[in-house]
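J.:
Residue numbers (the working numbering): 3 to 131.
(1) Which residue or residues does DSSP assign as beta-bridge partners of residue 104?
(2) Look up residue 22 in the DSSP assignment and say whether it is helix, strand or coil.
(3) The alpha helix (DSSP H) with residue 30 in it runs from where to where?
(4) With DSSP as the reference, identify every bridge partner of residue 15, one or two as the case may be.
(5) Which residue comes first and which comes last in the beta strand (DSSP E) that contains residue 56?
(6) Once you ignore the five residues that flank residue 82 on each side, which residues in its own chain have a CB closer than 8 Å to its CB?
(7) State yes or no: is the C-beta of residue 104 within less than 8 Å of the C-beta of residue 29?
(8) Determine the direct distance from the alpha carbon of residue 79 to that of residue 138, and round the result to whole angstroms.
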């Protein structure tokens, strides 16, 4: 027998090959994201951490700047083809997108809050891919 649902954990962040990054409201809340904040991923010796690199207001145009998907939404979207390609490669996904979850907030030296990204395929296959 096989479970119909499989993995029931909802994903927190989705990286697509075209550069689109979708950020769930939970992640936006944990990172205290605001319109114009710039996100990045830190590679810390086998661990990946999502964090806010620059807080709004920023001067000029920035790659991976976050904006709400709708006027009153807590879901955010950012664009960075380089970041998406790196995350798809790290995850080992052979698809054009990877939907990942994040762990509990951590404090890294010199940063406010960072979220560990669960990118290894230990939870089984993603049926939404």
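Backbone N, C-alpha and C define an ideal beta-carbon position, used for all residues, glycine too.
Given the structure is predicted, the values throughout are model-derived calculations rather than measurements.
T.: Walking through what the data contain:
(1) The residue you call residue 104 lines up with position 102 of the chain shown. Residue 104 is bridged to 119.
(2) For the purposes of this step, residue 22 is identified with residue 20 of the chain shown, where counting begins at 1. DSSP places residue 22 in strand when its eight states are reduced to three.
(3) On the chain shown, position 28 is the one that residue 30 refers to. Residue 30 -> alpha helix (DSSP H) spans 27 to 33.
(4) If you number the chain shown from 1, residue 15 lands on position 13. Residue 15 pairs with 25, 102.
(5) Walking along the chain shown from the start, residue 56 turns up at place 54. 49 to 56 is the extent of the beta strand (DSSP E) around residue 56.
(6) In the chain shown, counting from the first residue as 1, residue 82 sits at position 80. Excluding sequence neighbours, residue 82 sits near 21, 23, 65, 66.
(7) Looking up residue 104 in the chain shown gives position 102. Looking up residue 29 in the chain shown gives position 27. A contact, by the Cβ cut-off of 8 Å.
(8) The requested residue 138 is not part of the displayed model; the chain covers only 3 to 131.
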